[in-house]
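Protein chains in written order, with my numbering: chain A, 3 to 366; chain B, 3 to 243.
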Amino acid sequence: MDVLEVVKSNRTKKTFSVSRDCFYPTVSGVILCRTAAAKTVDSKTRSLTRRWAQAITFQGVGKRFGSLDAVKNFSLEVGDGEIMGLLGPNGAGKTTLMLMMGTVYRPTSGKITVQGYDVLEKPNSVRSIIGIAFQDPRFDGILNGYDVLDWHLKMTTSLGKEERKQRVEGILKALGLWEARGKRTWLMSGGMKKKIEDAKILAQRPKVAVFDEPTAFLDVPSRLLVWDMIRKLREEGSTVIVATNMMDEAERLSERVAIMNLGKLVTVGTLGQLKDTLKGGEVLEVTIGKDGPRLEDEVLTQFKEVHHVNQVDNKILVYLNFGRLMLPKIVEALTSQGYKVESIHLKEVALEDVFLTYTGQQFE
Amino acid sequence: MARRDIEVLFRTPWIIISRGLAFIIQLFVFATLISRLVSVSGFFQYYAVGSIISMVASISFIIGYDIFEEAEEGVLDYLLTLPVSRRQFIIGRALGGAIRALIYVTPMFAVVAIIEGFAQPASLAAAMAYLFLLAFGVTGLSITVAVSVRSANRFDVFLALMELAIVRASTALYPISFMPSYVASIAPFSPVSFASNGARSLLLGPGLDLSTLAGLLAFVVVFLGLGAAFYFRKLEGGVYA
């Protein structure tokens with residue numbers, strides 16, 4: 003959960019830590035400081051203003067297997083150079099969607115284009131620009147890690163033998179697999195196999211890269227490493243789709259998140275947009291001086307973003323939207339009424355709350 | 003794709019070695035023994051050539067197991083995302099399976115050629131062409147079965163029975179005159195019989211037998227076509243869900 007921490011101050015005392023990134027100087031003298039998590043959110047909010055050229059489009063896409071509708075009327079646009087998180091519980095239809103995009107399955111209805119190529123009309127063109135790292139590693143167990151990557155590059159790129167060698171060596175070293183390069187993959191641990199699966203696409207550097215649960219089975223350092231490599235892949239020009247059911251993965255990687263459930267697109271937007279759609283989803287916890295009068299709710303509910311106010315002793319809980327933007331106004335409203343603000347903490351909405359609200363389901 | 007199938011073979015050299023040893027034992031123990039028991043002259047030669055043919059057929063069936071396993075384990079999904087057209091993919095698999103079988107039996111064929119003194123290059127090359135045609139056709143048959151049967155157990159049983167039928171109910175290892183009537187009536191139509199009779203005719207005389215060549219070609223056209231069509235339909239339909 004992202005926490006925007008507000009370190010107190012009042013008109014007379016201004017003693018606070020300066021080691022953090024502080025901002026929002028207000029008339030009350032309250033200084034607001036961002037935690038690292040808050041900075042991440044802030045950078046994502048900025049992406050609201052970015053305009054994407056479309057790299058991938060889904061228009062009313064459906065896929066039926068017998069009597070089962072795995073994907074239903076799915077429409078989405080993914081921008082060129084964007085990292086799109088595709089979030090959903092197991093069985094939501096994420097993998098089916100990706101396999102349709104990768105030309106493995108034919109959509110039963112609707113249309114999918116990848117970099118302008120229709121997956122049904124120009125499947126070979128689509129295959130030449132896409133790379134999919136599967137949830138379960140998919141390669142011949144008889145091959146060793148080096149050969150899996152070398153063969154993949156041979157099939158998907160025009161690199162010469164020496165260039166392939168360099169790229170495979172680079173990626174194996176980066177992922178800490180160089181020493182195990184000669185080991186047959188069927189003898190590898192789940193984490194090692196998963197890294198090899200991710201490495202195929204990281205080494206290929208396709209125009210459109212799709213990762214299905216890229217850090218499943220990985221330990222924490224490896225997860226951070228893979229996330230970093232996926233970000234670098236995007237910086238090099240790839241459009242990235244990350245299908246996941248892990249909240250932190252979607253939050254850390256994605257610029258926008260599409261939530262799927264039971265084969266349908268439930269909602270899509272930046273993390274900020276999604277969180278702001280929950281009415282009163284954020285909670286601002288304000289501590290005021292004990293000697294002041296009881297707060298009249300109207301002082302804060304005058305703002306349309308504030309949905310509810312609850313006061314217990316000198317603690318005020320304000321349920322609102324756009325908490326970070328409202329913070330200075332609320333502090334100012336309180337101080338103008340003579341309340342002494344001692345501390346403020348903003349508890350922002352978690353992605354999990356968004357998912358729960360939209361689907362009524364808990365992630366596994 | 004064909005290279006991939008061939009390269010996988012060379013990553014399991016112990017299988018080639020063990021099969022090779024089994025073949026040597028079969029030839030120098032079983033064939034030698036049987037040839038002393040039966041009154042047919044030149045049975046050792048007959049058996050040696052036939053065992054090569056039956057081995058080509060058996061090995062060509064393996065591609066079906068590979069394809070079935072790939073679909074079950076999800077490797078097929080990966081292969082289908084690679085920038086290879088479906089036609090290239092299917093032709094590559096069939097070609098890879100056939101070439102792999104041919105590579106597999108070539109050392110054994112060389113052993114038989116040395117023992118029996120087959121020294122006519124044209125005959126040897128034509129016999130190899132027969133082997134290749136058989137391998138190509140059986141690969142097609144194997145692919146047809148692999149993409150038509152969904153249950154793993156049913157697939158194993160069906161392919162094993164199929165292999166048994168076309169190899170055992172053929173003239174590869176036994177002359178037709180010694181077969182029970184119910185086998186003798188179907189054996190001439192087995193593709194393995196076409197290949198065995200044709201190869202023997204080339205290596206042991208009298209020469210090229212056009213009827214066996216025609217039969218083998220028909221088998222190749224029918225089953226390679228069927229295998230390719232079935233596989234293509236399944237792949238494009240996304241049936242491997």
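Cβ coordinates follow ideal geometry from the N, Cα and C atoms, glycine included. If you're wondering where the values come from, they're calculated on a predicted model, not measured in any experiment.
Pick helix, strand or coil for residue i, following the three-state DSSP scheme.
i, result
"B/Leu210", "coil"
"A/Asn263", "strand"
"A/Phe1", "Since the first residue shown for chain A is 3 and the last is 366, residue 1 of chain A is missing from the structure and cannot be characterised."
"A/Lys209", "coil"
"A/Glu79", "strand"
"A/Asn146", "strand"
"A/Tyr378", "Nothing can be reported for residue 378 of chain A: it is not among the residues displayed for chain A, which extend from 3 to 366."
"B/Ala220", "helix"
"B/Val169", "helix"
"B/Val194", "helix"
"A/Arg186", "strand"
"A/Ser45", "Here the model assigns A/Ser45 a pLDDT of 43, short of 50, so the residue's position is not dependable and the matter cannot be decided."
"A/Gly95", "coil"
"A/Gly271", "strand"
"A/Asp237", "Checking the sequence shown, residue 237 of chain A turns out to be Glu, not Asp. Helix."
"A/Glu181", "coil"
"A/Ser30", "Any reading at A/Ser30 must be qualified, since the residue scores a pLDDT of 38, below 50, and its modelled position is unreliable; the value itself is stated next. Correct three-state label for A/Ser30: coil."
"A/Gly193", "helix"
Work out the CA separation of residue j and residue i for me, nearest whole Å.
i, j, result
"A/Trp188", "A/Asp355", "39 Å"
"A/Glu171", "A/Lys65", "39 Å"
"A/Leu273", "A/Asn323", "13 Å"
"B/Gly209", "B/Leu126", "11 Å"
"B/Pro85", "A/Gly178", "29 Å"
"A/Asp149", "B/Ile64", "23 Å"
"A/Gly325", "A/Glu284", "6 Å"
"A/Glu257", "A/Ala205", "23 Å"
"B/Phe111", "A/Met100", "47 Å"
"B/Asp211", "B/Ser198", "11 Å"
"A/Arg129", "A/Thr105", "7 Å"
"A/Gly81", "B/Gly22", "57 Å"
"B/Asn155", "B/Ile54", "28 Å"
"B/Ser213", "B/Val159", "32 Å"
"B/Gly229", "B/Ser144", "8 Å"
"A/Gly271", "A/Leu88", "11 Å"
"A/Ser338", "A/Ile290", "13 Å"
"A/Tyr341", "A/Gly294", "6 Å"
"A/Ala352", "A/Val116", "31 Å"
"B/Ala100", "A/Asp142", "20 Å"
"B/Arg1", "B/Leu237", "In the structure as shown, chain B begins at 3 and stops at 243. Residue 1 of chain B is therefore absent and cannot be evaluated."
"B/Trp16", "A/Ser127", "40 Å"
"B/Val194", "B/Ser172", "6 Å"
"A/Gln275", "A/Tyr107", "32 Å"
Give me the Cβ distance between residue i and residue j, rounded to the nearest whole Å; I'm assuming they're in contact under 8 Å.
i, j, result
"A/Val212", "A/Met103", "7 Å"
"A/Gln168", "A/Lys113", "With a Cβ gap of about 39 Å, A/Gln168 and A/Lys113 do not count as contacting."
"B/Gly98", "B/Ala174", "Actually they do not touch by this definition, with Cβ atoms about 24 Å apart."
"B/Leu218", "B/Phe196", "4 Å"
"B/Thr83", "A/Ile132", "7 Å"
"B/Leu161", "B/Val140", "With a Cβ gap of about 11 Å, B/Leu161 and B/Val140 do not count as contacting."
"B/Arg95", "B/Ile69", "7 Å"
"A/Asn247", "A/Pro91", "6 Å"
"B/Ile61", "B/Val107", "7 Å"
By the DSSP assignment, the alpha helix (DSSP H) with residue i in it spans what residues?
i, result
"B/Ile116", "Arg88 to Glu118"
"B/Gly66", "Ile64 to Glu75"
"B/Ile26", "Pro15 to Ile27"
"B/Ile188", "It is not in any alpha helix (DSSP H) - B/Ile188 carries neither H nor E in the DSSP assignment."
"B/Ile36", "Thr34 to Leu39"
"B/Phe30", "First-last for B/Phe30: undefined, no H or E at that position."
"B/Asp7", "Ala4 to Phe12"
"A/Arg169", "Lys163 to Ala176"
"B/Phe1", "Look at the range of chain B in this structure, 3 to 243, and you will see that residue 1 of chain B is not part of it."
"A/Leu302", "Glu300 to Thr303"
Quickly, what does DSSP pair residue i with across the bridge? List them, please.
i, result
"A/Met86", "A/Ile243 and A/Arg258"
"A/Tyr321", "A/Val285 and A/His310"
"A/Lys65", "A/Val73"
"A/Gln56", "A/Gly81"
"A/Ile132", "A/Val210"
"B/Val58", "DSSP, once it has assigned bridges, lists no residue as partnering B/Val58."
"A/Ile232", "Looking at the DSSP assignment, A/Ile232 forms no beta bridge with any residue, so it has no partner."
"B/Ile178", "Beta-bridge pairing links B/Ile178 to no other residue."
"A/Val343", "A/Ile290"
Between which two residues does the beta strand (DSSP E) containing residue i stretch?
i, result
"A/Ile114", "Ser111 to Val116"
Kindly say whether residue i, judged by its beta-carbon, lies nearer than 9 Å to any beta-carbon of chain C.
i, result
"B/Tyr48", "You won't find chain C in this structure, because its protein chains are A and B."
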